[in-house]
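Written out as structure tokens, the structure reads:
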């Protein structure tokens with residue numbers, strides 16, 4: 358897996374910002390160890406994507422005007438149009454489109470991060486009496502998320518952060534100290550009060566519900582609904598999660614029940630997001646008579662376009678608001694952008710829309726990620742461990758297995774390592790038990806090799822012998838990896854870890870009957886329906902008596918015996934990566950078919966620091 362470049366480009370008019378971080382897997386510099394791709398190859402890919410999909414592709418310079426020897430970032434920037442981004446007073450201020458390496462990804466605001474102090478803010482240059490910048494900033498807090506370090510410290514909207522650790526030291530290079538970090542002290546000023554020092558706890562995961570605030574105010578015969586909506590996000594787990602959308606419908610049901618006849622929509626801090634959520638909001642606000650009208654038209658650089666009608670998903674609500682004169686007030690700022698502007702423009706033909714505030718961004722374009730599906734090792738001398746169950750229900754099992762096989766060699770050339778642990782599904786496939794196998798794989802093996810899918814992984818084939826060489830239990834550094842878990846029965850047996858690994862290797866391709874005949878002392882433990890063996894045991898996650906769970910004291914004995922700090926397991930499905938036994942055991946088995954986007958899939962261990970990683974490469978604090 359190569360040093361990925363993310364490329365975010367703008368593709369169409371009246372598109373809503375999708376706001377997704379992409380995993381482009383584009384090659385890095387050609388002189389990087391273990392990377393066979395050159396900068397020329399990277400830049401050729403960038404040019405191809407841009408000429409095909411960039412909205413302003415007619416503004417891209419001719420090939421002979423481009424420097425293909427430049428680093429990818431410089432090359433990408435040289436292709437951007439001045440129509441891309443913001444121009445003010447004849448000066449181009451910034452581009453919307455950007456490219457970055459995955460490893461360099463940083464949250465663009467304090468609340469984008471999985472590890473945050475939990476506040477949104479904006480920075481102001483501090484100037485002298487002559488209006489000359491003094492080289493540092495003050496941060497104005499726009500809002501504070503509930504149940505966050507910022508809220509616990511008593512910070513409020515309108516507060517000024519004037520320094521960190523007793524000094525005026527917030528500048529253009531280090532303002533990230535307000536995004537996340539350890540427990541610290543800030544200098545804070547509120548109104549005309551004196552500057553005070555506050556303690557703020559270490560940053561952590563904080564839920565950023567976009568439905569920040571709502572209320573109903575009564576003024577005479579007016580029932581005024583008020584909603585602060587800070588970004589168009591359908592749910593905490595990505596596009597497929599509808600949690601916030603469903604909450605929005607409940608809020609509007611409350612507005613309807615209270616007879617709201619005037620409405621104020623606060624989009625001052627809303628920079629965009631998913632089109633489906635924007636459409637739902639607009640669909641709940643639009644007069645019922647206009648519900649079949651066009652919400653937005655989407656067009657691309659090829660002259661193709663399509664339109665979406667207003668969302669009419671009102672289940673869970675009482676229908677539509679009955680607003681006086683179909684009138685709505687929308688609060689805006691310079692940060693109001695993209696999908697927020699789509700909502701404003703979509704309502705304007707059918708309602709009396711009054712805007713209050715500042716001129717909005719003017720971003721009537723939508724972002725789309727671009728992806729290069731080449732994969733190479735990028736982790737240098739680090740160690741990648743795959744904890745079993747690569748088989749057999751995924752969409753691309755064979756390509757993934759060959760990828761792992763390939764990465765082993767690539768990692769080795771630069772001092773890295775890839776370790777694959779055997780799981781119960783490897784065990785089933787290798788003895789030709791295809792109970793859970795997708796039919797396409799058996800069909801493929803029959804057509805290509807005239808044998809069953811299980812036999813394809815037998816002793817006579819390269820990949821079968823490769824899998825048979827893998828361990829069932831393995832210690833890597835201060836971590837013990839096992840697919841299912843270690844039971845009390847395991848603790849009471851006399852076999853060492855190397856001995857168990859060898860026995861599994863010798864017996865995994867045999868039928869149940871052959872195993873019992875050749876290895877009677879160990880076969881029942883490893884493979885029987887008692888589920889006490891390292892391939893099948895669930896008692897480190899499941900607490901029911903049927904699973905024979907072990908006690909924390911047993912876990913402590915295991916850690917001490919093998920001189921490790923934690924045990925990493927898979928096998929037992931969860932909705933996300935979780936820990937048990939006070940962070941001594943981590944379960945990384947995620948139910949992929951049912952999981953939402955941005956779900957956690959793996960763990961990253963750096964010394965004593967262990968975090969989960971999600972689909973977008975973001976590190977996430979692990980919870981119970």
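Numbering (the numbering used here), first residue to last: 358 to 981.
All residues carry an ideal CB built from backbone N, CA and C; glycine is no exception.
Computed from a predicted structure; not experimentally measured.
Taking the alpha helix (DSSP H) that residue i belongs to, which residues open and close that run?
| i | result |
| --- | --- |
| residue 667 | Run containing residue 667: none; DSSP gives neither H nor E here. |
| residue 696 | 696 to 704 |
| residue 840 | From DSSP, residue 840 is part of no alpha helix (DSSP H); its letter is neither H nor E. |
| residue 785 | 781 to 787 |
| residue 800 | 796 to 806 |
| residue 917 | 909 to 919 |
| residue 816 | It is not in any alpha helix (DSSP H) - residue 816 carries neither H nor E in the DSSP assignment. |
| residue 763 | 754 to 770 |
| residue 431 | 429 to 435 |
| residue 496 | First-last for residue 496: 490 to 501, but that is the beta strand (DSSP E), not the alpha helix (DSSP H). |
| residue 860 | 854 to 864 |
Count the other CB atoms within 10 Å of the CB of residue i; is the residue buried (16 or more) or exposed (fewer)?
| i | result |
| --- | --- |
| residue 441 | buried |
| residue 819 | exposed |
| residue 563 | buried |
| residue 965 | exposed |
| residue 968 | buried |
| residue 906 | buried |
| residue 578 | exposed |
| residue 625 | buried |
Kindly indicate the opening and closing residues of the beta strand (DSSP E) around residue i.
| i | result |
| --- | --- |
| residue 1027 | There is simply no residue 1027 to check, as the chain begins at 358 and stops at 981 in what is shown. |
| residue 601 | Unbroken run through residue 601 is the alpha helix (DSSP H), 600 to 614; no beta strand (DSSP E). |
| residue 646 | From DSSP, residue 646 is part of no beta strand (DSSP E); its letter is neither H nor E. |
| residue 476 | 476 to 484 |
| residue 845 | Segment 845 to 849 is the alpha helix (DSSP H) holding residue 845; no beta strand (DSSP E) there. |
| residue 579 | 579 to 586 |
I need the straight-line Cα distance from residue i to residue j, nearest angstrom please.
| i | j | result |
| --- | --- | --- |
| residue 854 | residue 919 | 10 Å |
| residue 795 | residue 802 | 12 Å |
| residue 560 | residue 738 | 29 Å |
| residue 856 | residue 773 | 26 Å |
| residue 545 | residue 488 | 23 Å |
| residue 685 | residue 581 | 10 Å |
| residue 611 | residue 901 | 41 Å |
| residue 963 | residue 943 | 15 Å |
| residue 444 | residue 451 | 8 Å |
| residue 643 | residue 678 | 8 Å |
| residue 570 | residue 404 | 44 Å |
| residue 565 | residue 872 | 53 Å |
| residue 727 | residue 769 | 30 Å |
| residue 508 | residue 691 | 25 Å |
| residue 400 | residue 432 | 7 Å |
| residue 879 | residue 599 | 48 Å |
| residue 427 | residue 761 | 32 Å |
| residue 476 | residue 543 | 14 Å |
| residue 895 | residue 502 | 38 Å |
Under 8 Å, do residue i and residue j count as touching if we go by C-beta distance?
| i | j | result |
| --- | --- | --- |
| residue 935 | residue 980 | yes |
| residue 535 | residue 555 | no |
| residue 771 | residue 764 | no |
| residue 983 | residue 897 | In this structure the chain extends from 358 to 981, so residue 983 is not present and cannot be described. |
| residue 746 | residue 781 | yes |
| residue 589 | residue 650 | no |
| residue 633 | residue 591 | yes |
| residue 456 | residue 429 | yes |
| residue 713 | residue 741 | no |
| residue 586 | residue 627 | yes |
| residue 608 | residue 638 | no |
| residue 829 | residue 892 | yes |
Can you list, in chain order, the residues of its chain with a C-beta nearer than 7 Å to that of residue i? Leave out the 5 residues immediately preceding and following it.
| i | result |
| --- | --- |
| residue 680 | 618, 619, 620 |
| residue 831 | 776, 778, 838 |
| residue 413 | 438, 440, 441 |
| residue 408 | 414, 417 |
Is residue i a contact residue of the ligand MN, with contact defined as CB to any heavy atom under 7 Å?
| i | result |
| --- | --- |
| residue 773 | Judged by which ligands are present, the structure shown has none, so any question about the ligand MN falls away. |
To which residues of the same chain is residue i closer than 8 Å at the C-beta, ignoring the five residues directly before and after it?
| i | result |
| --- | --- |
| residue 720 | 374, 453, 629, 694, 695, 698 |
| residue 540 | 556, 557, 558, 559 |
| residue 970 | 957, 958, 959, 960, 961, 976, 977 |
| residue 478 | 467, 496, 497, 498, 499, 518, 535 |
| residue 799 | 791, 809, 810 |
| residue 709 | 682, 683, 684, 685 |
| residue 532 | 480, 494, 496 |
| residue 787 | 811, 814, 815, 821, 824, 825, 865, 866 |
Among residues of its own chain, excluding the 5 on either side of residue i, which ones have a beta-carbon nearer than 6 Å to its beta-carbon?
| i | result |
| --- | --- |
| residue 883 | 890 |
| residue 663 | 655 |
| residue 516 | 498, 545, 547 |
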